[in-house]
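Q: Before I ask anything, here is the structure I am working with.
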Amino acid sequence: MTLKTSEVANLWGWATQSNSQITSQSYDLVVIGGGSGGLACAKEAASLDKKVAVLDFVKPSPRGSVWGLGGTCVNVGCIPKKLMHQAALMGQATEDAKHYGWQVPEKIEHSWDTLIEAVQNYVRSLNWGHRVQLNEKKVQYYNGWGMFLDDHTIHAKLKDGKEEILHAKNIVIATGMRPRYPSEISGAIEHCISSDDIFSLRKPPGKTLIVGGSYVALETAGFLQGLGFPTTVMVRSICLRGFDQQMSGLVTDHLSGEVGVDILWKSVPLSVNKQTDDSLTVRWRDESCKEHEDQFDTVLFAIGRDPQTRNIGLGNTGVQLAPNGKIVGFAEQSSVSHIYAVGDILQGGKTPVAIKAGKLLAHRIFGASEKYFDYSSVPTTVFTPLEFSSVGLSEESAIERFGEENLEVYHSFYTPLEFTVSSRPASSCYIKAICEKKGKQEILGLHLTGPNAGEIMQGFAVAFRCGLSFEDLSESCGIHPTSAEEIVKLNITKSSGEDPTVSGC
Amino acid sequence: MYLSVVLLPFPIQWGLGGTCVNVGCIPKKLMHQAALLGEALKDSKNYGWETPEKVQHNWDTLKNAVQDHIGSLNWNYRVQLRDKSVTYINGYAEFTDRHTIKTVNKRNKVQTFKAEKILLATGMRPRYPDIPGVKEFAITSDDLFSLRYCPGKTLTIGASYVSLECAGFLTGMGLDVTVMVRSILLRGFDQQMADMIGTYMEKHGTHFLRKCVPTRIEQIEEGTPPLLRVYYKKTDDPQEFSIDVNTVLMAIGRDACTSEIGLEKTGVLTNPKNGKIPVVNEQTNVPNIYAIGDIMEGGHELTPVAIEAGKLLSRRLYGDSSRQCDYINVPTTVFTPLEYGAIGYSEEDATDTFGEDNIEVYHAYFQPLEYTVAHRDEAGCYGKIICNKADGDRVVGFHILGPNAGEITQGYAVAMKCGATKEHFDTTIGIHPTCSEVFTTMDVTKASGLDVTTTGC
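Protein chains in written order, with UniProt numbering: chain A, 1 to 505; chain B, 1 to 457.
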């Protein structure tokens, strides 16, 4: 069904432009969403000589934050997060440096402004880089909001007010997610921020409350505290739901212990009120139903993210949504055969997953390959001050799937060599390998907390892909001296009850 | 039957634990870390930290901290040996026959031991060239980590990883450092990677005197540190030059400690060129005498290999095991300021072994995210994978030049042990944002000649 432009205008209640101003274009592929998945798919399709368009538009956050092309990862996710994490680690490094002979002053102050500007400069360079790449690959870029008029037609309302109708043989939805705000907590939307805002916050956040137990909440708490802002995390029940809970405990132990973040367990916020001096008064309830109140300069909600599928006109198509708003489908194909979905709106989100899936999808749509993306064995890293990396099953999942009696868990507490001279406690640096008991002891899950956990785990993720067994691990030679070698030196089992603390050389 | 295992190290200036603990891996890595922290201090300003423009480094603080840690490791070893009922003799050992060893300790007490089996693990020591003034005035890695004074302006002589690593961390501490090399860097390592290390070090303040050899060393002034004059010439020209430095560090190689332990009384053969002992499954030509570690011919001079070989040998001799130590795909890391991790074949060796037509090299330059805000050198970090096309694109060589190369390389060594192919690498999801993930998206080959600068996210 094709709507007349006037009907379109009526539908959305927009001021009508004259018919001659609304142009129409046809494409082999239209991608809605210019993030990791969308851009990867678009560029790949263009390299297969298809006519491709990308629509990207950022609706301002409740605090008014907007950003350029590139999606969550580039603007308000992985990239700025890792840079802020690095800034906090540098603070730790300046402390360590004293023990290594550097004559560093007793206290070094930190300038939030300098950091934010540096981070935003880099983010903007990435926005620009993406614009240039789309241009080079002859992908048409629309900075506009796309709405489905029907299965093959998209209406684009551009930032400068113009409108376009796009006809597409194939459509990929890659609209991603945005932070969830709790509508039932008064003051949440009006006075609080989210990860959409923190990386471009003009004023230093000051004393901060973070609500949530997600990796977003913990990572943010980690770097804010590391930069000198007294930070509290309020958790309703558990942290890092879905992750191995023993490992999650080590991360939060470190966060509340060595880093100094105040964690309020089993607590929920009731209201947020702004005072005349702009500070925020938060009332909350703890696990015994007792109510408390405290002042904060900033309150950040990190309680989850919602897929952006509700306001793009999917009702005009046959695309089915799951109750959580994610797109129902198989191998990135929705219930409508030529409409696909990639990235956070399809599966548990990670940039590299979206990118790889997006690329393979382009190849499948345009007939160049039959390869499907394998969503199992995806390695992850939580960039808390004590980094936590894992691939495969958590211990709980392994027990559920295989039965405790069929598993052997090897583990160790280790001390990174670099911590010795700087007298840093290493009580949370830990490794465990969850293995099948029989035969070569195939490794079902590998988990690690410690510095550079992400860098360490990547190679092991490749080994995991090859069907890594404990036998392979113990026959591998270590690189000395590293923290990573402790993984190949694992030999103490949980079942033995022996003390798993290992000394170095 | 009661088994008594006796260890007889040379009388040395450091405690129990060998080279790695005392004058190798451990102090080296700590000093490397000190240098890295110096760089972090510079970077921290870009991240908003109000760090002073110039921060001085105090050698004594570092040296003492390093020695304290070493002392604790020496102590741990003593305790561990005691816990496992191993008799420890701190004495100089010599063979009197195949089954008998004579020891002399610090107080000249002589003891004799008879043993059914004897394991030699005497390791190596730095080589001194036969040049006037070297023995009197030059130091080696044996001395550097406990030097009672700051080394000051330093000349390291040699192209070994010892020379480059030491030059690297001394430069990082703010010292004026020159490296004198006779020909190529890091002989035996992938030469493209070796050249990149050299380039990086030069760009970051280490001076190089290439194609030069020292002729003599004189002391101009006594002191702590002294002032030394090193005379040298180019390899193809007799004209003599000189350079004045406070410290000369000889790092031209290491010799096996097999020449003054009475081996001639046992019939154990050694390689006359390097003193190393040829073995089969760590057994020498004399059935009851074994050798492991650095003195073993054909082995890797690496701590983890020695540890593994030692353990497995004991298990084969006294336990039920028949497992041999696996020497293939042994990973290594050179801890130069920009670290270099390697597994398997260098590009040259892969070409020689498999034939140029059968290998495919994938490569990429990458920029660590952390370098962006710190405005650090964009084009320094690099990775390559060498695949054997004749064997389903099996990965036979892995090379990375970048920060935390050691941490990154370890997992890939396990992957190669599992027989990883290029497809395994390609179908593994990257961890974002890391440096290591570049290996999961490496799709440009050297053969294609295409530009290989990877863009970020």
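We put the CB at the ideal spot given by N, CA and C, even for glycine.
1) Should V139/A and V54/A be called a contact, given that it needs their Cβ atoms to be closer than 8 Å?
2) I'd like the ranges of any alpha helix (DSSP H) spanning at least 4 consecutive residues and lying wholly in the region 58 to 118 of chain A.
3) Looking at C-beta atoms only, is the number of pairs between the region 58 to 75 of chain A and the region 184 to 200 of chain A that lie closer than 8 Å three or more?
4) Name, please, each residue of chain A whose Cβ falls closer than 7 Å to the Cβ of N76/B.
5) Between which residues of its own chain and G17/B is the CB-CB distance below 8 Å, once the five residues before and five after are set aside?
6) Work out the CA separation of D176/B and G168/B for me, nearest whole Å.
7) Report buried or exposed for Y128/B, applying the criterion of at least 16 other Cβ atoms within 10 angstroms of its Cβ.
8) When you compare each of K45/B, W14/B, C20/B to R376/B by their alpha carbons, which one comes out closest?
9) Are the Cβ atoms of R323/B and L312/B separated by less than 8 Å?
10) Within the same chain, show all residues whose beta-carbon is closer than 7 Å to that of K494/A, passing over the 5 residues directly before and after it, in chain order.
11) What three-state label does DSSP hand V286/B in the structure shown?
12) Indicate whether at least one CB of chain A lies closer than 8 Å to the CB of residue 500/B.
13) How is G198/B classed by DSSP in three states: helix, strand or coil?
14) Helix, strand or coil for G445/A, going by three-state DSSP, please let me know.
15) DSSP has A341/A in a bridge; who is on the other side?
16) Have a look at V172/A and P179/A and give me their C-alpha separation to the nearest angstrom.
17) At what residues does the alpha helix (DSSP H) containing Y77/B begin and finish?
18) Of all the options Y142/A, K82/A, G313/A, which has the alpha carbon lying nearest to the alpha carbon of L39/A?
19) Looking at V268/A and Q225/A, is the spacing between their C-beta atoms short of 8 Å?
20) Taking a Cβ distance cut-off of 7 Å, strictly less, list which residues of the region 107 to 120 of chain A are near chain B, in chain order.
21) Counting contacts by CB-CB distance shorter than 8 Å, is F402/A in contact with chain B?
22) Going by Cα to Cα distance, which pick from W145/A, W102/A, Y215/A, S36/A is closest to H130/A?
23) Tell me which residues share the same chain as V336/A and place their Cβ nearer than 8 Å to its Cβ, disregarding the 5 neighbours each side in the sequence.
24) On the DSSP bridge list, what partners appear for M147/A?
25) From the beta carbon of E227/B, is the nearest beta carbon of chain A less than 8 Å away?
26) State buried or exposed for F330/A, treating a residue as buried only when at least 16 other CB atoms are found within 10 Å of its CB.
27) Going by beta carbon distance, what residues of the same chain come within less than 7 Å of G419/B, once the five residues before and after it are set aside?
28) Quick one: residues in its chain with C-beta nearer than 8 Å to the C-beta of L450/B, no 5 flanking neighbours on either side, listed in chain order?
29) Looking only at C-alpha atoms, which of N452/A, S422/A, F464/A, K432/A sits nearest to E442/A?
30) Scan the region 76 to 104 of chain A for residues whose Cβ lies nearer than 7 Å to a Cβ of chain B and list them as they occur along the chain.
31) Note down the Cα distance separating D326/B from E218/B, rounded to an integer number of angstroms.
32) Please compile the residues from chain B whose C-beta is within a distance smaller than 7 Å of the C-beta of R465/A.
33) Helix, strand or coil for N273/A? Go by DSSP, reduced to three states.
34) Quick one: any contact between the region 93 to 106 of chain B and the region 265 to 273 of chain B, if contact means 3 or more CB pairs under 8 Å?
35) Which two residues bound the contiguous alpha helix (DSSP H) that contains P126/B?
36) Are the region 447 to 467 of chain A and the region 476 to 489 of chain A touching by the rule of at least three beta carbon pairs closer than 8 Å?
A: By the coordinates alone:
1) yes
2) 71 to 76, 78 to 99
3) yes
4) S503
5) I70, L73, N74, Y77
6) 11 Å
7) exposed
8) K45/B
9) yes
10) V409, H411
11) coil
12) Any answer about residue 500/B is impossible in this case: the structure gives chain B only from 1 up to 457.
13) helix
14) strand
15) I173/A
16) 22 Å
17) 59 to 83
18) Y142/A
19) no
20) I108, E109, H110, S111, W112, T114, L115, A118, V119
21) no
22) S36/A
23) D151, T317, G318, V319
24) H155/A
25) The sequence as given places Leu at residue 227/B; Glu does not occur at that position. By this cut-off, L227/B is not an interface position.
26) exposed
27) R394
28) V444
29) F464/A
30) C78, I79, K82, L83, Q86, A87, M90, G91, A93, T94, D96, A97, H99, Y100, G101, W102, Q103, V104
31) 47 Å
32) H424, T427, T428
33) strand
34) yes
35) Segment 124 to 126 is the beta strand (DSSP E) holding P126/B; no alpha helix (DSSP H) there.
36) yes
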